[in-house]
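In what follows, a structure is listed as structure tokens, so that the remarks can point back to it.
Residue numbers (UniProt numbering): 1 to 119.
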């Protein structure tokens, strides 16, 4: 994800949260509507002067914009990281054999084996 896309997404989200139209924001920031639209869609990378003008129009400090951008970038990076599953190795250990039987002389004696999973 490109920085300009994240900046554009943040501007669009904040503008909509404030209930401001694209045209209204463009007028207050003294930026053309098509250019502001391109910024919001992440197609244009605004200069620091344009960023400052849009921030002023949104009543937003530049540091707050950058904090929002940082959060969105970190979220985007985490969502694209491959998931790594950590699996424990499993070892099968045989326990000592046990004699199973009954008091009946006609029953057969067998040896039972039990296994334990050790992680």
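Quick reminder that beta carbons are idealized off the backbone N, C-alpha and C, glycines included.
Three-state class that DSSP yields for residue i in the structure shown
i, result
"residue 34", "helix"
"residue 43", "coil"
"residue 22", "helix"
"residue 62", "helix"
First and last residue of the uninterrupted alpha helix (DSSP H) at residue i
i, result
"residue 7", "3-17"
"residue 51", "48-57"
CB-CB length for residue i against residue j, believed under 8 angstroms
i, j, result
"residue 36", "residue 26", "5 angstroms"
Inter-residue Cα distance where the pair is residue i and residue j
i, j, result
"residue 69", "residue 3", "8 angstroms"
"residue 85", "residue 77", "Only weak support is given to the placement of residue 85: the predicted model assigns it a pLDDT of 49, under 50, and the value that follows is read from those uncertain coordinates. Straight-line Cα distance between these residues: approximately 18 angstroms."
"residue 23", "residue 31", "9 angstroms"
"residue 40", "residue 73", "16 angstroms"
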